[in-house]
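Enquirer: This is the structure I want to talk about, given as structure tokens.
Structure follows, in structure tokens:
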């Protein structure tokens, strides 16, 4: 896979078993005693504690026999909740408050007789609006059900269980939940963009210093620095006008980290032929789209790209670590 034209990649969940898009809540009162013997059990063996809010404080709520007789009235509706998964060693595996930027996840409440029902729905069936609950599951059971593999040994180091903490915010009709989810999605996107801008601005400052030091250390004479922070050192001028968005360009390249370690090169792909793509269409990392618009056919250049215009804080493991500014030595072979 050519790293140069990967504009991004989805990151896998840290928890393979957590097929639900869950995780978040720090509820000290619920977490106390999570390893004790005061858990009740459902008929299937899930350990649980349920708490209700009384005058701003949490008090235990008893659920007789591990079943809530009022649950049938809630089936088919949607629960808005904040959830958190922890390992037996109390390491946080997933937090919805962080992942969802404070917006609750929404879960359709299923009939408990469903053949494909997971383990978690039985836990949600015990909760009413305003409740909080702590649930302990057998880790192997969750992994075998969702990932069809045993739970990792590291996860079970302090016990073969996982802890799910849930804060039930509200029960909604499907229509109300869908309407609210649209508004929440906009909130999440706005907050995500804000955080990304803040993070990128801070990282760009660090990358600016790193790239300026790299230029000096390697005696490179800067030809141009674009407004986005891409540095170009043209070693062979081309002919004609610069390449423009929408044109197909063909590029021979070699990509390295700033320590000189090569992570990709066109010579290693498809018989060593240069790589062709349409400029300005997001088919490559942003730093490439920016840099190549500064060059004309036949140009050769060294291009230094800040990490925010390459693979950002995610990186592209294992070859490209997080927050890595990159160097590309390129030749713009053709412009159509």
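Residue numbers (the working numbering): 1 to 336. We put the CB at the ideal spot given by N, CA and C, even for glycine.
Could you give the distance in angstroms between the alpha-carbon of residue 41 and the alpha-carbon of residue 321?
Expert: Looking at the two C-alpha atoms, the distance is approximately 45 angstroms.
Enquirer: Give the DSSP-derived three-state secondary structure of residue 124 in the structure shown.
Expert: Helix.
Enquirer: Whole angstroms are fine: how far does the CA of residue 261 sit from the CA of residue 230?
Expert: Whole-angstrom Cα-Cα distance: 20 angstroms.
Enquirer: What separation, rounded to the nearest whole angstrom, lies between the Cα atoms of residue 253 and residue 128?
Expert: Between residue 253 and residue 128, the C-alpha separation is close to 59 angstroms.
Enquirer: Look at the alpha carbon of residue 131 and the alpha carbon of residue 102, and state the distance between them as a whole number of angstroms.
Expert: Cα-Cα distance, rounded: 18 angstroms.
Enquirer: If you follow the beta strand (DSSP E) that residue 255 is part of, which residue opens it and which one closes it?
Expert: Per DSSP, residue 255 belongs to the beta strand (DSSP E) from 248-257.
Enquirer: Count the other CB atoms within 10 Å of the CB of residue 213; is the residue buried (16 or more) or exposed (fewer)?
Expert: Exposed is the call here.
Enquirer: Drop a sphere of 10 angstroms on the beta-carbon of residue 23, count the other beta-carbons inside from all chains shown, and report buried for 16 or more, exposed for fewer.
Expert: Legend: pLDDT at residue 23 = 31, less than 50; position of this residue unreliable, no value from coordinates given.
Enquirer: Is the segment 78-86 close to the segment 166-175, with three or more CB pairs under 8 angstroms?
Expert: The answer is yes - the segment 166-175 touches the segment 78-86, with three or more Cβ pairs under 8 angstroms.
Enquirer: Just the C-alpha distance for residue 414 and residue 136, rounded to the nearest angstrom, thanks.
Expert: Absent from the structure is residue 414, since the part of the chain shown begins at 1 and ends at 336.
Enquirer: Pull the bridge partners of residue 339 from the DSSP assignment, please.
Expert: Limits of the chain in this structure are 1 at one end and 336 at the other, which puts residue 339 out of reach.
Enquirer: Which same chain residues end up closer than 7 angstroms to residue 74 when comparing Cβ atoms and leaving out the 5 residues on each side of it in sequence?
Expert: The residues are 109, 171.
Enquirer: Taking DSSP as the reference, what is the three-state secondary structure of residue 321?
Expert: Reduced to three states, the DSSP call for residue 321 is coil.
Enquirer: Look up residue 134 in the DSSP assignment and say whether it is helix, strand or coil.
Expert: Strand.
Enquirer: What separation, rounded to the nearest whole angstrom, lies between the Cα atoms of residue 138 and residue 62?
Expert: So the two alpha carbons sit approximately 22 angstroms from each other.
Enquirer: For residue 93, does the three-state DSSP call read helix, strand or coil?
Expert: Looking at residue 93 - three-state DSSP - the assignment turns out to be strand.
Enquirer: CB-CB under 8 angstroms to residue 246, same chain, minus the five flanking residues each way: which ones, in chain order?
Expert: 278, 279, 280, 281, listed in sequence order.
Enquirer: Between the beta-carbon of residue 140 and the beta-carbon of residue 152, is there less than 7 angstroms?
Expert: No, the pair does not count as a contact, with Cβ atoms beyond the cut-off.
Enquirer: Would you mind reading off the limits of the beta strand (DSSP E) that contains residue 58?
Expert: Start and end: 57-60.
Enquirer: Which one of 58, 266, 57, 134 has the shortest CA to CA distance from residue 46?
Expert: For the residues 58, 266, 57, 134, the minimum Cα distance to residue 46 belongs to 134.
Enquirer: Bridge partners for residue 264 per DSSP, in chain order?
Expert: DSSP, once it has assigned bridges, lists 255 as partnering residue 264.
Enquirer: Please name the residue in 274, 310, 273 whose C-alpha comes closest to that of residue 291.
Expert: Measuring from the Cα of residue 291, the nearest candidate turns out to be 310.
Enquirer: Measuring CB atoms only, is the segment 232-244 touching the segment 261-275, in the sense that at least three cross pairs come out at less than 8 angstroms?
Expert: The segment 232-244 vs the segment 261-275: no contact.
Enquirer: Leaving out the 5 sequence neighbours to the left and right, which residues in its chain are closer than 8 angstroms to residue 174 when beta-carbon positions are compared?
Expert: Contacts found: 76, 77, 78, 108.
Enquirer: Alpha carbons only, please: which of 179, 244, 306, 86 is nearest the one belonging to residue 336?
Expert: Measuring from the Cα of residue 336, the nearest candidate turns out to be 244.
Enquirer: Taking its Cβ as the centre, do 16 or more other Cβ atoms sit within 10 Å of residue 302, making it buried, or is it exposed?
Expert: The residue in question, residue 302, is buried, as its Cβ has 16 or more Cβ neighbours within 10 Å.
Enquirer: Assuming contact is defined by CB atoms lying nearer than 7 angstroms, are residue 89 and residue 157 in contact in what I supplied?
Expert: Yes. Within cutoff.
Enquirer: Report yes if the C-beta distance between residue 276 and residue 248 is below 7 angstroms; otherwise report no.
Expert: Yes, the Cβ-Cβ distance between residue 276 and residue 248 is below 7 angstroms.
Enquirer: Quick one: what's got a C-beta closer than 6 angstroms to residue 200's C-beta in the same chain, skipping five residues either side?
Expert: 308, listed in sequence order.
Enquirer: Ignoring anything shorter than 4 residues, give me the alpha helix (DSSP H) runs that lie fully in the segment 179-215, in order along the chain.
Expert: Within the segment 179-215, no complete alpha helix (DSSP H) run reaches 4 residues.
Enquirer: Using the DSSP secondary-structure output, state which residues sit across from residue 108 in a beta bridge.
Expert: BP columns for residue 108 point to 78.
Enquirer: Measuring CB to CB, does residue 87 end up less than 7 angstroms from residue 155?
Expert: Yes; because the gap between Cβ atoms is below 7 angstroms, this pair is in contact.
Enquirer: What separation, rounded to the nearest whole angstrom, lies between the Cα atoms of residue 190 and residue 272?
Expert: For residue 190 and residue 272, the distance between alpha carbons rounds to 43 angstroms.
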